[in-house]
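Q:
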Amino acid sequence: TDKSIFHADLLGHPGFQLEREQQLKLNHGLHEISFNVGGLYREWLALGAGIQVPVGSFSSRAEYFEREDVAGALAPFRSLRFDSELTTHVAGVGIKAGLIVRPLPFLRLGASLQSPYALVLRDKYSTALEYTFVLRGADTTISVQSPDGEFKYNLYTPWKAGMSGALVLPYGLITFDDDWYDPRNPTYRLTTHSDVPGDSNLQGQVNADIGKQYKPVWQYRMGAELALGHLRLPGGHQWLEQPYRNATGWD
Numbered sequence: 511t512d513k514s515i516f517h518a519d520l521l522g523h524p525g526f527q528l529e530r531e532q533q534l535k536l537n538h539g540l541h542e543i544s545f546n547v548g549g550l551y552r553e554w555l556a557l558g559a560g561i562q563v564p565v566g567s568f569s570s571r572a573e574y575f576e577r578e579d580v581a582g583a584l585a586p587f588r589s590l591r592f593d594s595e596l597t598t599h600v601a602g603v604g605i606k607a608g609l610i611v612r613p614l615p616f617l618r619l620g621a622s623l624q625s626p627y628a629l630v631l632r633d634k635y636s637t638a639l640e641y642t643f644v645l646r647g648a649d650t651t652i653s654v655q656s657p658d659g660e661f662k663y664n665l666y667t668p669w670k671a672g673m674s675g676a677l678v679l680p681y682g683l684i685t686f687d688d689d690w691y692d693p694r695n696p697t698y699r700l701t702t703h704s705d706v707p708g709d710s711n712l713q714g715q716v717n718a719d720i721g722k723q724y725k726p727v728w729q730y731r732m733g734a735e736l737a738l739g740h741l742r743l744p745g746g747h748q749w750l751e752q753p754y755r756n757a758t759g760w761d
């Protein structure tokens, strides 16, 4: 037999119909631990800063099936199953800081800054394949499983800055705030824990693709609250610019 020839069990069934099914199970969670400090100077200036420690995980399990619709209709094929699992653990650190100034009794002005988050991600993954077919009149199943894989890498998120203002009036208040960030600037570092040459090429490609797809973004929010005795009537609106380079308009 020529081992260079590939044989497929379904070649003898042109126009074959398979029952196909895919199941995807996702679990994820991200939490942030904060260590903060703040101070107030003469009821005029408030300062605050904190170290943020995000921790979390993401997991997915995908199961793909192919089966014959009618028993024996696609012999020697019976069924195929392919499973893939991925678990990602993430931890990191970042800094947030802000201030509020009261230059006049009825006026508040604020500013905030969020540093890039330095994240460490660890992927663990595996795949498995199970194939059942008819061999010499009997169902035969072959199962193979990949070795457990692991990959560790770093991600640095963009800077984020904001400004705010508020008017404190006798019958309520009016607020306004905006923030700016540049989604082009997250940076993947795939070579921090790897010396595989292909990882360096992939790192450059991924970071370049992010820069091509996104643009800097301004976001604005305005709100007001009317005070009628013990009753408060709040309202507001926000303008969120689309972060995609080819998109226009606001949400």
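Count along the sequence shown starting at 1, add 510, and that's the number in the numbering used here.
Glycine included, C-beta positions come from ideal geometry on N, C-alpha and C.
Everything numeric in this text was worked out from a predicted model, so none of it was measured.
Thinking just about the alpha-carbon of each residue, which of L736, N546, L700 and R742 is nearest to the one in Q715?
A: Counting from 1 along the sequence shown, the entry for residue 715 is found at position 205. With distances taken between Cα atoms, Q715 lies closest to L700.
Q: Just verifying my parser: in three-state terms, what is the DSSP assignment at S594?
A: For the purposes of this step, residue 594 is taken as residue 84 along the sequence shown, with counting starting at 1. Reduced to three states, the DSSP call for S594 is strand.
Q: Is the CB-CB distance between E573 and F592 below 9 Å?
A: Here residue 573 refers to the residue found at position 63 when the sequence shown is read from its first residue. Here residue 592 refers to the residue found at position 82 when the sequence shown is read from its first residue. Their beta carbons are under 9 Å apart, which means E573 touches F592 by this criterion.
Q: Extract the residue ranges of the beta strand (DSSP E) inside the stretch 609–640, only unbroken runs of 3 or more that lie entirely within it.
A: Fully enclosed beta strand (DSSP E) runs of 3 or longer: 617–624.
Q: Taking the straight line between their C-alpha atoms, what separation do you get for N546 and V563?
A: By one-based count along the sequence shown, residue 546 stands at place 36. By one-based count along the sequence shown, residue 563 stands at place 53. If I take the Cα positions, the gap works out to 11 Å.
Q: Which partner residues does D541 have in the DSSP bridge list?
A: Here residue 541 refers to the residue found at position 31 when the sequence shown is read from its first residue. Residue identity check: residue 541 is His in the sequence provided, not Asp. Paired residue(s): V565.
Q: Exposed or buried, which one is G602 when buried takes at least 16 other CB atoms within 10 Å?
A: If you number the sequence shown from 1, residue 602 lands on position 92. Counting Cβ neighbours within 10 Å, G602 comes out buried, since at least 16 surround it.
Q: Please name the residue or residues paired with H747 in a DSSP beta bridge.
A: Position 237 of the sequence shown holds residue 747. Paired residue(s): M732.
Q: Can you give me the start and stop residues for the beta strand (DSSP E) that D689 sits inside?
A: In the sequence shown, counting from the first residue as 1, residue 689 sits at position 179. Taken as a continuous stretch (DSSP letters only), the beta strand (DSSP E) holding D689 covers G682 to Y691.
Q: Using 8 Å as the cut-off, can you tell me whether the stretch 655–671 makes contact with the stretch 621–638, which would need three or more C-beta pairs spanning the two stretches below that distance?
A: Touching, yes, given that three or more Cβ pairs across the two stretches are closer than 8 Å.
Q: Return the CA-CA distance between T685 and A734, expressed in angstroms with no decimal places.
A: One-based indexing of the sequence shown puts residue 685 at position 175. One-based indexing of the sequence shown puts residue 734 at position 224. Each residue's Cα considered, the two are about 6 Å apart.
Q: What do you reckon, are the CB atoms on S594 and Y641 nearer than 9 Å?
A: By 1-based counting over the sequence shown, the position of residue 594 is 84. By 1-based counting over the sequence shown, the position of residue 641 is 131. No, the pair does not count as a contact, with Cβ atoms beyond the cut-off.
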